[in-house]
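First comes the structure, then the notes that go with it.
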Amino acid sequence: METKFIALTVNGKKYEFLSGSDSIVGIVPWNETLSDTLRQRLDLTGSKEACGEGACGCCTVLVDNRAVSSCMTLTSDCNGKEIITIEGLEDPVTGELDPLQQAFIDYYAFQCGFCTPGIIMAAKGLLIKNPHPTEEEVKDALSGNQCRCISQYHVIDAVMHVSKQISI
Ligand code: FES
Ligand code: FES
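For the sequence shown, full-length UniProt numbering begins at 1 and goes up steadily by one.
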């Protein structure tokens with residue numbers, strides 16, 4: 001069975017894996033999800049896996065600045081890509097939170113917090129692409145993120161607050 005090297009940059013750090021058949025010990029199986037690689041191999045457990053089938057958004061991370069469900073993304077398809085997880089948002093030097101993380105705190109935009117990393121990463125993906133979205137665009141971008149604890153308006157307010165601070 002053919003094997004190949006895959007290189008990922010995760011939160012600014014480069015990782016290389018051998019990918020191929022799951023019958024070879026220590027190898028990343030070709031069908032391993034990015035969610036499993038991040039959580040189980042790299043110990044980046046901030047993004048959560050809930051539904052495991054692309055329906056809840058809890059596992060959202062950025063791949064080349066695009067928000068994706070990591071439970072529906074194969075690691076073997078991410079060769080050469082840059083991945084950012086919730087752990088990669090804070091300033092690596094000062095440890096300061098990303099403005100979105102801070103706004104979620106300031107606007108009480110979470111309760112249990114299980115879904116929050118996925119929502120923040122989806123919002124981050126939106127603001128990278130569209131720094132000044134309308135409320136409707138925020139709702140649309142977050143429509144794939146399910147939260148059972150809070151009223152969605154706290155989240156919308158937090159994202160709109162950050163978008164107003166972005167000067168472009
Ligand atoms: S766990 Fe990936 S979308 Fe629900
Ligand atoms: S804050 Fe609890 S599920 Fe969203």
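No residue lacks a Cβ here, since even glycine has one placed at the ideal position from N, Cα and C.
Whole-angstrom distance between residue j and residue i, CA atom to CA atom
| i | j | result |
| --- | --- | --- |
| residue 172 | T134 | In the structure as shown, the chain begins at 1 and stops at 168. Residue 172 is therefore absent and cannot be evaluated. |
| L74 | L34 | 5 Å |
| E82 | T9 | 5 Å |
| V91 | A103 | Checking the sequence shown, residue 91 turns out to be Asp, not Val. When rounded, the distance between both Cα atoms is 15 Å. |
| R66 | A55 | 17 Å |
| F114 | G20 | 32 Å |
| P29 | P131 | 37 Å |
| A141 | T94 | 30 Å |
Beta strand (DSSP E) segment containing residue i, residue limits
| i | result |
| --- | --- |
| G20 | K13 to G20 |
| V93 | That residue, V93, is in no beta strand (DSSP E); it is neither H nor E in DSSP. |
| T9 | K4 to V10 |
Candidates the options, of which the one nearest residue i by Cα
| i | options | result |
| --- | --- | --- |
| I128 | S70, S167, S143 and C58 | S167 |
| A7 | S47, S23 and T37 | T37 |
| Q152 | N11, F110, D22 and S23 | F110 |
Endpoints, the alpha helix (DSSP H) within which residue i is located
| i | result |
| --- | --- |
| residue 172 | Absent from the model: residue 172. The displayed extent of the chain is 1 to 168, so no value can be given. |
Assumed close pair residue i, residue j - CB separation to whole angstroms, cut-off 8 Å
| i | j | result |
| --- | --- | --- |
| I86 | G46 | 4 Å |
| H154 | Y108 | 6 Å |
Check your understanding: Counting pairs of Cβ atoms below 8 Å between the segment 73-84 and the segment 100-119, do you hit three or more?
Key -> Touching, no, given that fewer than three Cβ pairs across the two stretches are closer than 8 Å.
Review point. Three or more beta-carbon pairs under 8 Å between the segment 9-16 and the segment 38-50, yes or no?
Key: Pairwise C-beta distances place the segment 9-16 in contact with the segment 38-50, as three or more of them are shorter than 8 Å.
Exercise for review: Kindly confirm or deny that the segment 93-108 and the segment 128-145 touch, where touching means at least three C-beta pairs closer than 8 Å.
Suggested key: The segment 93-108 vs the segment 128-145: no contact.
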